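A quick write-up on the structure given underneath.
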């Protein structure tokens, strides 16, 4: 029997199943660094430590010991299925008959790093920059598509002492597709507790990255707040409709709100000359999403949109106007259809189809 | 203090940190189903259970209890950063001052499901099919790009009783981009132990999928073996060079191997009429990668390529020939440069640039 075990990043991230399986094993096999993390749990066992790069040897050894009738634990950092030992074991185990494998999942680096950074994840990709087994062209293709798709990206194995080219390519991909202000969270687990840094990709230099780092690349909605990296999912925050907004949307549903700048308004231009005024009051208020510039006023239950100008931009209004006219047939729909409204907002923000929610 | 806690899928997947943080809490807040999973750990605590859809309420409640001086555990299934409670909490916490948040990572469904299925992961994407907060157009875009990028895809929230359209779109995307034979692993955690099914996408019907399932979509290299789903990473398996191969590559490095079909050979066509014979013996032997049809002969340390014809296809040979001529200057390079050779094989298999390894 071979237990393939993910031990996470540190003791408190180990699962009960992993600890029990290790306790019940006769032989422990793993990379030196990971073995040292569980030394106190395995003092009574046969321990085989090997260096990095000996993965096939470790897997063969586990199989041999298992065929000899012993219970073996094959140790991986994080989760054994994510760039860990499960893969290499399955590559060779079908040589043999009757080898039983149990994989014990663990906390993977993407989860460990994200939870330290705040809440940066939404739909995401996990991509390793190690080009030991994977061609650079393949890594670069995956990066570009994942960035184009607006996935959050977790980067494993970002930079080793001898392989710097993949990191350079990665930076360039992010800058090319997303721009140099893209936010990146770096979690460096050579420190305990792990060190957390949030930078723009243009400021992501090699001195803050090493093989023990996991990087989280933000998407078009990711923002930084109180030293946390956050990607909003857009939960509905209930709220009453302000009387002035009520008044505006009564006109709107009656077809009395003009399209474009409203130069007749005594306050025009309240933001900038050329602003569109179709949505004088925000139909999504309060969105609770700081990616467009709004924020909570601390200590008060008030959402402040002063820094959000998106709703008055020509492109935004042109995307939103018609679908909103179809959605809002009475002012109260601003409350009752808020979930759908927030999806419409999201579709226009991300330049997806506003009629396919 | 708010502990945002991932409790995994079942007790053995819970981390030591999660258990300790729950023990040290005064108040436990969570979705009913997840609370029932930890009932025995919280009998002495105030427990607030809410239904699905009350996420903002749960987060507000956690903040209020924390501001009252209590230690709160906000419970998520899996990992709280992956479509869990971390995100919604950060959406509203900046209303308040001095709320301390600690996120405890957990085993996410992608890891749980993959480790049950075998070793299907390599670079991957995790995408939720829930269109409650996310427009369909956005979900579909992410799916298409992730499939084009040849990422493995973990599908969260695949199918609910009321939302069937995202699942239909998903299936169609996979068929459009990858073809109807694409392998998909389904892990259904309504069973204990979880039920594992591996099907081709054309056979993925609604009756084997529900909200408690996680799906793993294979990529161009994923294969099924002994009821496991495996995506090879391509570790180097050392081996001696067979005398007949030695003989062939001596001619190859001397420029004596013709390009294309070798109709003068007494064995031609050993596979099919029109086959290319540049690589009469495989320069990657043994690749240990069943995605092209090879397999281990069980009980013997022998890799059998009988079902692998890829190396004799025109396209493959045209991709491989020139880079191989540059790489192999003496026969022994077949051993000493095997890592690079396997990357070249991978680049040509996946139709990436064979000169950018």
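Chains as they are written, first to last, in my numbering: chain A, 1 to 357; chain C, 1001 to 1357. Glycine residues also receive a C-beta, built at the ideal position from the N, C-alpha and C atoms. Computed from a predicted structure; not experimentally measured.
| Asked | Found |
| --- | --- |
| Could you name the residues that DSSP lists as bridge partners for residue 46(A)? | 27(A) |
| Could one say the Cβ of residue 285(A) lies closer than 7 Å to chain C's Cβ atoms, at least one of them? | no |
| Using a Cβ cut-off of 8 Å, pull out every chain C residue sitting near residue 146(A), in sequence order please. | 1125, 1145, 1146, 1149 and 1151 |
| Listing by chain order, which chain C residues have their CB less than 9 Å from the CB of residue 76(A)? | Ordered by position in chain C, no residue passes the 9 Å Cβ test against residue 76(A), which lies about 10 Å from the chain. |
| So, do the region 1271 to 1290 of chain C and the region 1210 to 1219 of chain C have three or more beta carbon pairs nearer to each other than 8 Å? | no |
| Is the beta carbon of residue 966(C) sitting closer than 7 Å to the one on residue 1078(C)? | Residue 966(C) lies beyond the residue range present for chain C, which begins at 1001 and ends at 1357; the question has no answer from this structure. |
| Identify, in the order they occur along the chain, each residue of the same chain with its Cβ nearer than 7 Å to the Cβ of residue 1348(C), setting aside the five sequence neighbours on each side. | 1316, 1319, 1320 and 1354 |
| Please list the partners that residue 11(A) has in chain C, where partner means a Cβ-to-Cβ separation under 7 Å. | 1016 |
| Going along chain C in order, which residues have a C-beta closer than 9 Å to the C-beta of residue 41(A)? | Under the 9 Å cutoff, chain C gives no residues; its nearest Cβ is about 12 Å from residue 41(A). |
| To be precise: take each residue of the region 1105 to 1122 of chain C, compare its Cβ to all Cβ atoms of chain A, and keep it if any distance is under 7 Å. Which residues remain? | 1105, 1106, 1107, 1108, 1111, 1112, 1114, 1115, 1118, 1119 and 1121 |
| Please say whether residue 151(A) and residue 124(A) have beta carbons closer to each other than 7 Å? | yes |
| How about residue 1081(C) and residue 12(A): do their beta carbons lie closer than 7 Å? | no |
| Can you give me the C-alpha to C-alpha distance between residue 164(A) and residue 1230(C), rounded to a whole angstrom? | 29 Å |
| Once DSSP output is grouped into helix, strand and coil, what is the label at residue 213(A)? | strand |
| Could you tell me the distance, in whole angstroms, from the CA atom of residue 41(A) to the CA atom of residue 9(A)? | 16 Å |
| Could you check whether residue 145(A) and residue 1148(C) sit closer than 7 Å to each other, using their CB atoms as the reference points? | yes |
| State buried or exposed for residue 302(A), treating a residue as buried only when at least 16 other CB atoms are found within 10 Å of its CB. | exposed |
| Against chain A, does residue 1296(C) count as a neighbour if the rule is that its beta carbon must be under 7 Å from one of theirs? | yes |
| How would you call residue 1116(C), buried or exposed, if buried means at least 16 neighbouring beta carbons within 10 angstroms? | buried |
| Got a sec: which bits of the region 180 to 210 of chain A sit with their beta carbon under 7 Å from any beta carbon on chain C, in order along the chain? | none |
| Could you give the residue range of the alpha helix (DSSP H) that holds residue 1315(C)? | 1314 to 1327 |
| If I follow the unbroken alpha helix (DSSP H) through residue 1090(C), where does it start and stop? | 1085 to 1093 |
| What in chain A is Cβ-close to residue 1342(C), meaning under 9 Å? | 133 |
| Should residue 1014(C) go down as buried or exposed, given a rule of 16 or more other Cβ atoms within 10 Å for buried? | buried |
| Per DSSP, residue 1185(C) is paired with what? | 1198(C) and 1216(C) |
| For the region 102 to 156 of chain A, which segments carrying the beta strand (DSSP E) assignment without a break, of at least 3 residues, lie completely within its bounds, in sequence order? | 124 to 128 and 152 to 156 |
| Could you give the distance in angstroms between the alpha-carbon of residue 293(A) and the alpha-carbon of residue 327(A)? | 25 Å |
| Can you tell me which of 62(A), 36(A), 295(A) and 227(A) puts its alpha carbon nearest to the alpha carbon of residue 118(A)? | 227(A) |
| For residue 211(A), which option in 76(A), 129(A) and 104(A) has the closest C-alpha, if you only look at C-alpha atoms? | 129(A) |
| Of the choices 29(A), 182(A) and 85(A), whose alpha-carbon is the least far from that of residue 72(A)? | 29(A) |
| For residue 43(A) and residue 1050(C), I'd like the C-alpha separation in whole angstroms. | 45 Å |
| On the three-state DSSP scale, how would you describe residue 1172(C)? | helix |
| Using a Cβ-Cβ distance cut-off of 7 Å, determine whether residue 1212(C) contacts chain A. | no |
| Who are the Cβ neighbours of residue 174(A) in its own chain at under 7 Å, not counting the five residues just before and after it? | 147, 182, 201 and 217 |
| Which value, in whole angstroms, describes the spacing of the CA atoms of residue 1024(C) and residue 75(A)? | 30 Å |
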